[in-house]
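Q: Each residue of the sequence shown is one higher than the one before, counting from 89 in this note's numbering.
In this text, a Cβ means the ideal position worked out from N, Cα and C, and glycines have one as well.
Handing you this structure, nothing more for now.
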Amino acid sequence: MAQEINDTMINRMGGLNGSKTITGTSANTALNFSQIYVREATVIGTLTGTDLTTGATSNLLTTLGISAVSLVAGELHVVPYGTKLSAITLTSGSVILY
């Protein structure tokens, strides 16, 4: 059975939470995004997701299979439905969150 598309899904796909460019190696917390666009060769040190229903946190590096991986410019990673990207720390590079 196909899942019905709703306003939340459309907002998520369209990046209607806005965007935020992340550079440097400082921790970025209290975020509410669902997509990571890689601007240049990038390594992410920490990537935390928060379940929108339970509030439980998870390691999105593991979930997305990008732990200890050098990401290349142009990659787009989307967190699982029902989860928000809540914190990120880069080791190198830069990304845009949507």
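1) Are the CB atoms of GLY170 and LEU149 nearer to each other than 8 Å?
2) May I have a chain-ordered list of the beta strand (DSSP E) segments no shorter than 3 residues that lie completely inside the region 140 to 183?
3) Would you mind listing the beta strand (DSSP E) stretches within the region 104 to 138 that are 3+ residues and don't spill past its ends, in chain order?
4) Could you give the distance in angstroms between the alpha-carbon of ALA161 and the alpha-carbon of SER182?
5) Nearest to THR113 by CA position, among THR179, LEU185, ILE184, is which residue?
6) Would you kindly work out how many angstroms separate the C-alpha atoms of GLY143 and ALA129, rounded to a whole number?
7) For a quick check, are the C-beta atoms of ILE176 and LEU135 less than 8 Å apart?
A: Quick look at the numbers:
1) no
2) 145 to 147, 164 to 166, 171 to 180
3) 108 to 111, 123 to 126
4) 9 Å
5) THR179
6) 31 Å
7) yes
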